[in-house]
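Remember, this note's numbering sits 24 above the position in the sequence shown when you count from 1. A virtual CB, placed ideally from N, CA and C, is assigned to each residue, including glycine. Have a look at the structure below, then the notes.
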Amino acid sequence: MKKINPLGVHWLILSKTWDADGARHAIREAKRIGYDFIETPPCPPDDPVTRIVAETLAETGLGATVCLGLAADQDPTSPDPEVRARGEAFLIEAVDTCARIGGFMVSGITYSAFQKYLAPCSDQGRAAAVAVIRRVAEHALPLGVEIGLEVVNRYETNLLNTAAQALAFCEATGMANVKIHLDSYHMNIEEADIGQAILTAGDRIGFFHIGDSNRGYLGAGNIDFAPYFRALLQAGFTGPISFESFSSTMIDQPLLGILAIWRDTWEDGGDLAAHSFQVMQALVKSAREAHARAAA
Ligand code: MN
């Protein structure tokens, strides 16, 4: 996306389902609010819904990503080659869907299963995941699709919990279209120093998720967002920023259980999405003002 810091929203805020009607509604609503792009789920490339998504994105001029978390039987860190192959095939398919809808990135927990692990990742597991991501990135390169590695908290993966771990993993793939995806909700749990973590990831940051500590309305949790936006500016990050939030009113199992969403943090996704668009715009502007005054 050419615009500086295009703003996006996760589809599950605007629709409970990703069928023809749900997808059309979410895309048109995101556009109406003012967003530049929407994060969409990994629908198969030849699914009729993918065609409708592509048409509705073209009609609205909205950009898109495909966001996902791999299942246990698709785990790229698994010692079982069949499990790893299933994960790789699923990622390749997500890249094809992304290209078909005109999207720019496949991101999320693309490098391990999206689950709580009971032991650390082994060296062999990490090496296997690096190899999977490298091959998927090679497939994505000529299609103009980037692969994001979302750094998440310890309860959702055992592999990439910090920006420093993600940077090392990214470099190990040797692929320029593999990017780090940071998320304020997870960083708030795992990073010792927010500004330092963002500067460490530096120009390998390709995507940023903003979410509050309780995953509800921005500013209704305990995260102070100003340091995140100032550090992103300091790191020279001009890429996409997207709002992610989950409420038990909108999601079902297995996502509800993996994310441990036991409470309603909101009921009206349209109101939430409009609010977060204003908050994100204000945070980007505040950081630019602070930066300009500091330099003056
Ligand atoms: Mn996230």
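- If you look at G230, you'll find it in the beta strand (DSSP E) that goes I229 to I234.
- Going by DSSP, T197 is part of the alpha helix (DSSP H) stretching over A187 to T197.
- Excluding five sequence positions before and after I247, the CB atoms of its chain that fall closer than 7 Å to its own CB belong to S208, N212, D236 and S237, given in chain order.
- Every residue with a CB closer than 5 Å to a heavy atom of the ligand MN is listed here in chain order: D207, H233 and E268.
- The stretch 140 to 151 makes no contact with the stretch 81 to 96: fewer than 3 CB pairs, one atom from each, lie closer than 8 Å.
- The Cβ atoms of R228 and L191 sit closer than 8 Å to each other.
- For M304, the enclosing alpha helix (DSSP H) stretches over residues G293 to A319.
- Along the stretch 48 to 105, the beta strand (DSSP E) occurs as fully enclosed runs of 3 or more residues at 61 to 64 and 87 to 94, listed in sequence order.
- Between L36 and F231, the gap from beta carbon to beta carbon reaches 8 Å or more.
- Between the C-alpha atoms of A109 and L81 there is a straight-line separation of about 31 Å.
- Residue state for L257 is assigned as helix, using DSSP reduced to three classes.
- With a 10 Å radius around the Cβ and a threshold of 16 neighbouring Cβ atoms, G198 comes out exposed.
- Of the candidates D147, F114 and T262, F114 places its Cα closest to the Cα of S131.
- For M274, no alpha helix (DSSP H) encloses it, and the DSSP letter there is neither H nor E.
- The beta carbons of L296 and W290 sit closer together than 8 Å.
- Within the same chain, and ignoring the five residues on either side of S300 in sequence, the residues whose Cβ sits closer than 6 Å to its Cβ are L242 and F267.
- L242 sits in coil when the DSSP states are folded into three classes, being neither helix nor strand.
- Note: L31 is bridge-paired with I265 in the DSSP secondary-structure output.
- Secondary-structure assignment with DSSP links M129 through a beta bridge to T89 and E170.
- With contacts defined by Cβ atoms closer than 8 Å, L223 and Q258 form a contacting pair.
- With fewer than 16 neighbouring CB atoms inside 10 Å of its own CB, T262 falls in the exposed class.
- Residue burial annotation: D120 is buried, with at least 16 other C-beta atoms found within 10 angstroms of its C-beta.
- No residue range can be given for I37, since it is assigned to no alpha helix (DSSP H) and is classified by DSSP as neither H nor E.
- Here K203 is bridged, per DSSP, to G172.
- In this structure, the alpha-carbon of I125 lies about 7 Å from that of V77.
- Annotation: M274 to C194 spans about 33 Å, alpha carbon to alpha carbon.
- Here DSSP, grouped into helix, strand and coil, assigns T121 to helix.
- Membership of Y209 in the alpha helix (DSSP H) is indicated by the continuous run S208 to E214.
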